[in-house]
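Student: Below you'll find the structure I mean.
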Amino acid sequence: MLRFAANLTYLFTELPMLDRFAAAAEAGFKGVEIPYPYDIDPRDLTRTARAFNMDMILLNCPPPNWGGGPRGFAAVPGLEARFRKDFDHALRVAQRLNVRHIHVLAGKAKGEQARQTFIENLRWATERAPHANLAIKPLSSPSGAFAENFLNNYQQASDIISEIGSGNLGIQFDTFHAQSLTRDVIGTWRRYADQIRHVQIAGYPKRDEPFAGSINFPNLFEELDRYGYQGWVGARYTPATRTDLGLGWMPKIATA
């Protein structure tokens with residue numbers, strides 16, 4: 001049985017952050033993704049998650065830069081010290097929140113030097129956090145917003161993970177980005193399933209509710225079940241209207 005987590009940066013945003021836990025639990029989610037929990041008291045997050053029997057699944061590294069600066073450094077030559085400082089910060093927060101899954105953002109960079117920087121930083125991070133599940137995510141969108149991002153190819157991600165050879169590093173599989181990159185979400189899942197550690201879902205091309213757009217989600221969920229996927233499936237989409245009005249996909253998933 002697949003386990004679904006609500007991404008609280010995208011869902012239930014009509015409510016204050018801590019109130020989103022109750023809404024997610026009432027909707028049937030068993031966990032939550034909070035990509036950027038850094039400005040919230042971890043005691044409040046932990047207490048609220050426990051109150052609603054919710055697992056906190058994921059956070060992003062580095063912490064957000066809302067001033068328009070870069071939002072990832074792992075592949076950027078010359079910023080190794082900044083990446084490691086930010087990773088240690090993310091790791092401390094993850095440990096306090098009992099979050100095991102850390103999404104490491106590559107950042108904007110190109111070329112062989114960027115590749116080597118990414119590999120060296122990831123190798124360091126896997127050794128620094130042996131009990132965490134680290135993941136990298138190829139990014140793309142119809143708008144071209146991620147054109148300068150270093151990691152923009154699933155085979156590229158797979159090769160880097162294989163070269164590092166650490167059991168606590170894998171792929172974060174986001175259906176929106178996968179469809180933008182490959183136009184074949186299910187085929188991409190099949191090819192890289194052994195390296196995928198976390199799944200996120202959204203319609204394409206609008207990143208709206210699952211079952212909207214061009215992705216066959218019932219078939220995808222059958223594939224996940226057939227494979228025996230044991231990870232979480234994060235609902236990371238922008239609701240077309242209020243979140244609670246667009247949750248009709250959840251019982252469909254349960255019977256897919």
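For the sequence shown, the UniProt record's numbering gives the first residue as 1, with consecutive numbering after it.
Ideal Cβ positions, reconstructed from N, Cα and C, are used throughout, including at glycine.
Counting along the chain, where does the alpha helix (DSSP H) carrying Val93 start and finish?
Tutor: For this step, residue 93 is matched to residue 93 along the sequence shown. Glu80 to Leu97 is the extent of the alpha helix (DSSP H) around Val93.
Student: Would you mind sorting Arg96 into buried or exposed? The rule is 16 or more other CB atoms within 10 Å of its CB.
Tutor: For the purposes of this step, residue 96 is taken as residue 96 along the sequence shown, with counting starting at 1. Arg96 is exposed by the Cβ-count criterion.
Student: Using only CA atoms, which one of Pro77, Ala202 and Cys61 lies nearest to Lys85?
Tutor: Indexing the sequence shown from 1 puts residue 85 at position 85. Lys85 has its Cα closest to that of Cys61, out of Pro77, Ala202 and Cys61.
Student: Tell me, please, whether the CB atom of Met250 is closer than 9 Å to any CB atom in chain D?
Tutor: Protein chain content of the structure displayed is limited to a single chain, and chain D is not contained in it.
Student: Since Phe176 and Arg207 should fall inside the 8 Å C-beta cutoff, what is the C-beta to C-beta distance between them, to a whole number of angstroms?
Tutor: Looking up residue 176 in the sequence shown gives position 176. Looking up residue 207 in the sequence shown gives position 207. Phe176 to Arg207, Cβ: 5 Å. Contact.
Student: With DSSP as the reference, label Thr255 as helix, strand or coil.
Tutor: In the sequence shown, residue 255 corresponds to position 255, counting from 1. Here Thr255 scores only 39 on pLDDT, less than 50, and its place in the model is too uncertain to base an answer on.
Student: Which residue from Gly111, Ala193 and Pro64 puts its Cα closest to that of His89?
Tutor: By 1-based counting over the sequence shown, the position of residue 89 is 89. Nearest Cα to His89 within the set Gly111, Ala193 and Pro64: Pro64.
Student: Quick check on Asn121: does DSSP put it in helix, strand or coil?
Tutor: As a working mapping, residue 121 is identified with position 121 in the sequence shown. Helix.
Student: Roughly how many angstroms separate the alpha carbons of Gly28 and Arg20, rounded to a whole number?
Tutor: Working through the sequence shown from its first residue, we reach residue 28 at position 28. Working through the sequence shown from its first residue, we reach residue 20 at position 20. Approximately 12 Å between the Cα atoms of the pair.
Student: Following the continuous alpha helix (DSSP H) through Asp225, name the residue where it begins and the one where it ends.
Tutor: By one-based count along the sequence shown, residue 225 stands at place 225. Unbroken alpha helix (DSSP H) run through Asp225: Phe217 to Tyr227.
Student: Between the alpha carbons of Leu220 and Leu105, how many angstroms are there, rounded?
Tutor: Taking the sequence shown and counting its residues from 1, the one referred to as residue 220 is at position 220. Taking the sequence shown and counting its residues from 1, the one referred to as residue 105 is at position 105. Answer to the nearest angstrom: the Cα atoms are 25 Å apart.
Student: Can you find the residues in the same chain that come closer than 6 Å, C-beta to C-beta, to Phe217, ignoring five residues on each side of it along the sequence?
Tutor: Counting from 1 along the sequence shown, the entry for residue 217 is found at position 217. Pro210 and Phe211.
Student: Among residues of its own chain, excluding the 5 on either side of Arg123, which ones have a beta-carbon nearer than 8 Å to its beta-carbon?
Tutor: Start at 1 with the first residue of the sequence shown, and residue 123 comes out as number 123. Excluding positions up to five away in sequence, the list reads Ile164 and Ser166.
Student: Can you look up Phe173 in the DSSP assignment and give me helix, strand or coil?
Tutor: In the sequence shown, the residue the question calls residue 173 occupies position 173. Correct three-state label for Phe173: strand.
Student: Output the distance between the C-alpha atoms of Ser158 and Ala51, rounded to the nearest integer angstrom.
Tutor: Counting from 1 along the sequence shown, the entry for residue 158 is found at position 158. Counting from 1 along the sequence shown, the entry for residue 51 is found at position 51. Whole-angstrom Cα-Cα distance: 38 Å.
Student: Look at the alpha carbon of Ala22 and the alpha carbon of Asp244, and state the distance between them as a whole number of angstroms.
Tutor: Sequence index remark: in the sequence shown, residue 22 carries index 22 (1-based). Sequence index remark: in the sequence shown, residue 244 carries index 244 (1-based). When rounded, the distance between both Cα atoms is 12 Å.
Student: Mapping the DSSP letters down to three states, classify Thr243 as helix, strand or coil.
Tutor: Sequence index remark: in the sequence shown, residue 243 carries index 243 (1-based). Helix at Thr243.
Student: Measure the C-alpha to C-alpha separation of Lys30 and Leu58 and round it to an integer number of angstroms.
Tutor: The residue given as residue 30 occupies position 30 in the sequence shown. The residue given as residue 58 occupies position 58 in the sequence shown. Answer to the nearest angstrom: the Cα atoms are 13 Å apart.
Student: Ala135: which of Glu112, His103 and Gln113 sits nearest, CA to CA?
Tutor: Here the question's residue 135 lines up with position 135 in the sequence shown. Selected option, being the one with the closest Cα: His103.
Student: By DSSP, does Asp55 sit in helix, in strand, or in coil?
Tutor: For this step, residue 55 is matched to residue 55 along the sequence shown. Three-state result, Asp55: strand.
Student: Do Phe4 and Met250 have their C-beta atoms within less than 9 Å of each other?
Tutor: The count along the sequence shown starts at 1 and reaches residue 4 at position 4. The count along the sequence shown starts at 1 and reaches residue 250 at position 250. The answer is yes: Cβ separation under 9 Å.
Student: Measure the beta-carbon distance from Gly231 to Val185 and round it to whole angstroms, keeping in mind my assumption that it falls under 8 Å.
Tutor: Stepping through the sequence shown from its first residue, residue 231 is reached at position 231. Stepping through the sequence shown from its first residue, residue 185 is reached at position 185. With a Cβ gap of about 16 Å, Gly231 and Val185 do not count as contacting.
Student: Tell me the residue span of the beta strand (DSSP E) that contains Phe4.
Tutor: Here residue 4 corresponds to residue number 4 of the sequence shown, with the count starting at 1. Here the beta strand (DSSP E) through Phe4 covers Arg3 to Asn7.
Student: Relative to the C-alpha of Gly111, which residue among Leu91, Gly213, Gln156 and Phe83 is closest?
Tutor: Position 111 of the sequence shown, counted from the first residue, corresponds to residue 111. Cα-wise, what sits closest to Gly111 is Gln156.
Student: Taking DSSP's pairing of strands, which residues face Ile102 in a bridge?
Tutor: Start at 1 with the first residue of the sequence shown, and residue 102 comes out as number 102. In DSSP, Ile102 forms a bridge with Leu59 and Leu134.
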